[in-house]
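In what follows, a structure is listed as structure tokens, so that the remarks can point back to it.
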Amino acid sequence: MEVPGSSKKMIAAQEEMVAAKVPLGYRDQCAHLLIPLNKCRQAEFFLPWKCEYELVME
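Just so you know, we're using the working numbering here: the sequence shown kicks off at 2 and counts up by one.
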């Protein structure tokens, strides 16, 4: 999937974003980073120091 007017390609597929319940406003070229971050946040009860690795990826 390619976004018009952008040189970046989408890494996360539409199906992945739907399955991860990513809000429409966050379905952009960085959604592939948001999916594991949200999984970590949910697993760790939103404790910010538990998901530092996902925050600094890329």
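Even for Gly, the Cβ is constructed at its ideal location relative to N, Cα and C.
{"query": "Three-state class that DSSP yields for glutamine 10 in the structure shown", "result": "Note that residue 10 is lysine in the sequence shown, not glutamine. Reduced to three states, the DSSP call for lysine 10 is strand."}
{"query": "With 16 other Cβ atoms within 10 Å as the buried cut-off, status of leucine 25", "result": "exposed"}
{"query": "Range covered by the alpha helix (DSSP H) that runs through cysteine 52", "result": "Counting along the chain, cysteine 52 falls outside any alpha helix (DSSP H), and DSSP gives it neither H nor E."}
{"query": "Member of Pro5, Lys51, Glu55 whose CA lies at the smallest distance from the CA of aspartate 29", "result": "Pro5"}
{"query": "Cβ pair alanine 13, alanine 44 closer than 7 angstroms", "result": "no"}
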